[in-house]
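Reading through the structure tokens given below for one structure.
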Amino acid sequence: MKTETLRMERVTYKEQGNVCLDNFSMTIRTGEVFGLVPVNHYGLNSLLKLLKQNLPLHYGYVYYREKLVNQWKRHQNTTNRISVIQSKSCLAEDLSVADNIFVLRAGFKKWLIKPQVLQKQLQPFLEEIGMKIDANAYIDELSAFECFVVELLKAVVSGNRLIVLVDISTFISESELVKLHEIIRYYAGKGISFLYITAHFEEAKQRCDKTALMVNGQIIKCFETRENIPDTFSLESVEDYDRWVRQQLSATEENQNRQAVFETSRLYYGSMRDLNIRVFPGECMVLQDLDNKIFKDLIALFQGEKPDSGQILLQGNVFSSCEDRRIAIIQELPTESMLFPRMSYMDNLCFNMDHRFKRVWTTGGIRKSIINEYGDLLGKEVFQCKVEKLSQKQKYDLVYTRILLQNPKVVFCVQPFKSAEVSIRSHIWELLERFLDRNIAVVILAVNLADSLALADKLIRIKHGKVQEIYDKEEFIKLPVNTPWLYLYQEKYAKNE
Numbered sequence: 001m002k003t004e005t006l007r008m009e010r011v012t013y014k015e016q017g018n019v020c021l022d023n024f025s026m027t028i029r030t031g032e033v034f035g036l037v038p039v040n041h042y043g044l045n046s047l048l049k050l051l052k053q054n055l056p057l058h059y060g061y062v063y064y065r066e067k068l069v070n071q072w073k074r075h076q077n078t079t080n081r082i083s084v085i086q087s088k089s090c091l092a093e094d095l096s097v098a099d100n101i102f103v104l105r106a107g108f109k110k111w112l113i114k115p116q117v118l119q120k121q122l123q124p125f126l127e128e129i130g131m132k133i134d135a136n137a138y139i140d141e142l143s144a145f146e147c148f149v150v151e152l153l154k155a156v157v158s159g160n161r162l163i164v165l166v167d168i169s170t171f172i173s174e175s176e177l178v179k180l181h182e183i184i185r186y187y188a189g190k191g192i193s194f195l196y197i198t199a200h201f202e203e204a205k206q207r208c209d210k211t212a213l214m215v216n217g218q219i220i221k222c223f224e225t226r227e228n229i230p231d232t233f234s235l236e237s238v239e240d241y242d243r244w245v246r247q248q249l250s251a252t253e254e255n256q257n258r259q260a261v262f263e264t265s266r267l268y269y270g271s272m273r274d275l276n277i278r279v280f281p282g283e284c285m286v287l288q289d290l291d292n293k294i295f296k297d298l299i300a301l302f303q304g305e306k307p308d309s310g311q312i313l314l315q316g317n318v319f320s321s322c323e324d325r326r327i328a329i330i331q332e333l334p335t336e337s338m339l340f341p342r343m344s345y346m347d348n349l350c351f352n353m354d355h356r357f358k359r360v361w362t363t364g365g366i367r368k369s370i371i372n373e374y375g376d377l378l379g380k381e382v383f384q385c386k387v388e389k390l391s392q393k394q395k396y397d398l399v400y401t402r403i404l405l406q407n408p409k410v411v412f413c414v415q416p417f418k419s420a421e422v423s424i425r426s427h428i429w430e431l432l433e434r435f436l437d438r439n440i441a442v443v444i445l446a447v448n449l450a451d452s453l454a455l456a457d458k459l460i461r462i463k464h465g466k467v468q469e470i471y472d473k474e475e476f477i478k479l480p481v482n483t484p485w486l487y488l489y490q491e492k493y494a495k496n497e
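Numbering-wise (the numbering used here), the sequence shown opens with residue 1 and increments by one.
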């Protein structure tokens, strides 16, 4: 009989009087990869905090390694030896790999540190998982996947028996996920348990032994691997999500203007090697980087860097200025990276408009006309709100409407669905569709496909800086079987095969 690594029994947890986890129960056994799919993010951060630290409970019990570590009657505010790995690394960038793994771990007490000894100690850990990482390399020199492996090794060396992985498919490429799955299974075989948090059942079913559905701080359903997960659930948000994908697939718009609005011609820069892509007005293209290397380089070119060779063409002319507002960029996690809390809502909204209206900062009439035009769409109450008081949906509205007012010819969206809950993803689709309705081209930069295909007219997969494969919409059924919502593409296009 397998032992339990973690058991949360009828846990109710409150923050500032608000119930964040409600009668929450979850059991993870030794060596198990347990999938958790949160339909919304309500209670998720509270769960992560409770896993690491035994905070006061309103009710319930928490057992770690079959020992009662937290209960509602009393608590000791102790910490648990549980690691949480997510896109934002917890490693010290100015230290070496060996220093992060051995020196910064709890319990390290040596005064004299010998790098050669640490390197020798690290080598067996790397060999047993088939990885080659320089022990003396600094963290800021590593790829995202290598940083992830270092964090994983740090957890293993520290003796942590539960490792939580949060949305890792948003920053690790498809080919690296295959290797990662092998590493996870290797350590699971050694008795280490994993909590695999992801937004998609397809991903969880492929990689996990068991998968639970979390809604509003509760586990409402748990599936074993051998069970067939239904295409949809009797749950409003998931049904709406499924319905939206179906609606987008049924919409077929022909591109009337066949002159490319954006084009790269034999582009060499950074990780890009002879990159050739074209996108047309009103077209939605997904660029999937299988190595997770070129996106930073591509954005750097838009921000003023010069290519080593090749050209970027915008409406047939060579793109040469980072101040050219015909290209817009929506950054990763835009509600955190693209808003200015100390500026008013209107200042945030009009931030990219001064090329169209020179007196936007001094003339109140322009702002009044914006309120009149977009008040019904955004909600007239938001114009008087402080940015930090806005809901997540209102923040997305602000960012995307700012870009809409900029009136670009092409919009590059860096992983637009990253860390967004299900209802927000549906809203992001609607916001992206507004660009397409105005004949603005949309290029979605994605590491993994996630939700990006729902709007896409074309998918281009890039490997080693070159175009590897191109799929039109009717060819999406040829994609790997773990692609989210693939069954919907198969329904629509299988008859044409």
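Every residue, glycine too, gets a C-beta built ideally from N, C-alpha and C.
As the structure is a prediction and not an experimental result, all values here were calculated from the model.
Within the same chain, and ignoring the five residues on either side of Thr79 in sequence, the residues whose Cβ sits closer than 8 Å to its Cβ are Lys52, Gln53, Asn54.
Shown here, Gln259 sits in coil according to DSSP, grouped into three states, outside any helix or strand. The region 306-371 contains, as complete beta strand (DSSP E) runs of 3+ residues, the segments 309-314, 327-330 (chain order). Contact between Gln218 and Val166 does not hold, since the beta-carbon distance rounds to 19 Å and is not under 8 Å. Bridge partners of Tyr63 according to DSSP: Arg7, Leu68. In the same chain as Arg461, and ignoring 5 residues on each side of it, the C-beta atoms closer than 7 Å to its own belong to Gln288, Leu290, Gln468, Glu469, in chain order. Secondary-structure assignment with DSSP links Ser423 through no beta bridge to anything. For Thr401, the enclosing alpha helix (DSSP H) stretches over residues 392-406.
Asn45: member of the alpha helix (DSSP H) spanning 44-52, first to last residue. Arg74: not part of any beta strand (DSSP E); DSSP gives it neither H nor E. Taken through DSSP and simplified to helix, strand or coil, Thr198 comes out as coil. Contact between Pro307 and Tyr269 holds, since their C-beta atoms are separated by about 4 Å, short of 8 Å.
The DSSP-derived three-state label of Ala446 is strand.
Annotated as proximal: Val150 and Leu91, with beta-carbon spacing under 8 Å.
In this structure, the beta-carbon distance from Asp99 to Glu283 does not fall below 8 Å.
Ranked by Cα distance from Glu15, the options Leu57, Ser25, Val410 are led by Leu57. In this structure Ser173 is buried. Its beta-carbon is surrounded by 16 or more other beta-carbon atoms within 10 angstroms. When DSSP states are grouped into helix, strand and coil, Ala456 belongs to the coil group. Here the alpha carbons of Cys322 and Leu314 stand approximately 12 Å from one another. Gly159 is a Cβ neighbour of Arg81, given a cutoff of 8 Å.
Note that the C-beta distance between Val156 and Leu48 is not below 8 Å.
Remark: C-beta atoms of Gly304 and Ser193 do not approach each other more closely than 8 Å. With 16 or more other Cβ atoms inside 10 Å of its own Cβ, Lys473 counts as buried.
The beta carbon of Glu388 sits closer than 7 Å to those of Pro341, all from its chain and outside the five residues before and after it, given in chain order. Within a 10 Å sphere around the beta-carbon of Gly375 sit fewer than 16 other beta-carbons, which makes this residue exposed. Ranked by Cα distance from Glu182, the options Glu128, Lys210, Thr3 are led by Glu128. Rounded to whole angstroms, the gap between the alpha carbons of Ile370 and Ile424 is 24 Å.
With respect to Val33, Tyr186 sits apart: the two C-beta atoms are not nearer than 8 Å. Listed as beta-bridge partners of Met272 by DSSP are Tyr269.
When DSSP states are grouped into helix, strand and coil, Gln86 belongs to the coil group. Straight through space, the alpha carbons of Phe295 and Cys20 are spaced by roughly 36 Å. Residue nearest to Phe351 within the set Ala300, Thr401, Arg266 is Thr401 (criterion: CA-CA distance).
Counting only residues of its own chain and dropping the five nearest sequence neighbours on each side, Gly316 has no CB closer than 6 Å to any other CB. About 18 Å separates the beta carbons of Leu213 and Leu6, which is beyond the 8 Å limit, so they are not a contact pair. In the three-state DSSP reduction, Ala204 falls in the helix class (H, G or I).
Beyond the five residues adjoining it in sequence on each side, Val84 comes within less than 6 Å, by CB distance, of Leu48, Val164 in the same chain, given in chain order.
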